[in-house]
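Residue numbers (our numbering): 262 to 436.
Scroll down for the structure; my scribbles are underneath it.
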């Protein structure tokens, strides 16, 4: 009887450890997903990179920019935005938190954004400071985590008239 009880206890503890490990691995994968989003954004919303982190039915929205649905629509829109309006960025994704579903197949995500950007204003790029928060939903696909919903909620978009330079990437190492 004791051996059976010990085996049951070990099995229970092992199952609990596996569940904790799954949660930790999910959190790390979600942090990586947020970092990949920032990297894609800082490469002028690279459509290939963005496409790799979205589900086919992604819903992307941002106050002042609208709501867009579907991977092709979203990736095209944000790439065009980077070509025509927000022409240079550095995204700092800060304090991400994740709330996993019980089965760890989906997660509600939240993080803050601190961003330096150049936005075309009156035909010329003007440096800006941007602060916002993101609310997102991610789902675990067979080949990794993807965003199914991303909402950007700006809190601050402030011109920095002195600017850092008109060509911020001129002295930066290539990525």
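Cβ atoms here follow ideal geometry from the backbone N, Cα and C, with glycine treated the same way.
Source: prediction; values computed, not measured.
The criterion of a C-beta distance shorter than 8 Å is not satisfied by residue 353 and residue 371.
Around residue 290, the same chain offers 406 as residues with beta carbons nearer than 6 Å, after the five sequence neighbours per side are excluded. Contact between residue 322 and residue 316 does not hold, since the beta-carbon distance rounds to 15 Å and is not under 8 Å. Beyond the five residues adjoining it in sequence on each side, residue 320 comes within less than 6 Å, by CB distance, of 330, 410 in the same chain, given in chain order. Between the alpha carbons of residue 308 and residue 334 lies a gap of roughly 10 Å.
Around residue 377, the same chain offers 351 as residues with beta carbons nearer than 6 Å, after the five sequence neighbours per side are excluded.
Relative to the Cα of residue 326, the nearest Cα in the group 339, 419, 398 belongs to 339. Every beta strand (DSSP E) of 3 residues or more that sits fully in the stretch 311-369 is shown, in chain order, as 315-323, 327-330, 347-361. Distances from the alpha-carbon of residue 418 to those of 402, 374, 398, 404 put 374 closest.
Note on residue 388: 16 or more other CB atoms within 10 angstroms of its CB, so buried under the neighbour-count rule.
Spatial neighbours of residue 310 in its own chain (CB-CB distance under 8 Å, excluding positions within 5 residues in sequence) are listed in chain order as 297, 300, 301, 304. Residue 406: member of the beta strand (DSSP E) spanning 405-420, first to last residue. In terms of Cα proximity to residue 366, the closest of 270, 283, 267, 279 is 283.
With respect to the C-alpha of residue 401, the residue from 332, 314, 424 having the closest C-alpha is 314. Boundaries of the beta strand (DSSP E) harbouring residue 394: 385-402, taken from the DSSP string. Cβ neighbours of residue 393 within its own chain (closer than 7 Å, five residues either side excluded): 374, 413, 414, 415, 416. Taking 8 Å as the cut-off, the beta carbon of residue 368 is found closer than this to the beta carbon of residue 287. Residue 423 places its beta carbon 8 Å or farther from that of residue 381.
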